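Residue numbers (the numbering used here): 782 to 848.
For reference, the structure is listed below as structure tokens.
Below you can see the structure in the form of structure tokens.
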């Protein structure tokens, strides 16, 4: 009986992660259109896509050092 519960627990976690990945894929697929709706031009969209990783690259070590 214990093994059955363990398998269901793993399956539950896998489905949970699948839902998260599906949400991220949808967000990524529509993000350029959302940027355009907010007023970004087609020339500015690549800069907006690179802004989040660069910000994380700069901010994460600072936050890690402070805390």
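No residue lacks a Cβ here, since even glycine has one placed at the ideal position from N, Cα and C.
Note that the structure is a prediction, hence the values are computed from the model and not measured.
For residue 828, the enclosing alpha helix (DSSP H) starts and ends at 826-847.
The C-beta separation of residue 816 from residue 829 comes to about 5 angstroms, placing the pair in contact by the 8 angstroms criterion. Spanning the alpha carbons of residue 807 and residue 797 requires a straight line of approximately 16 angstroms. Residues of the same chain with a CB within less than 6 angstroms of the CB of residue 813, apart from the 5 flanking positions on each side, are 826 in chain order.
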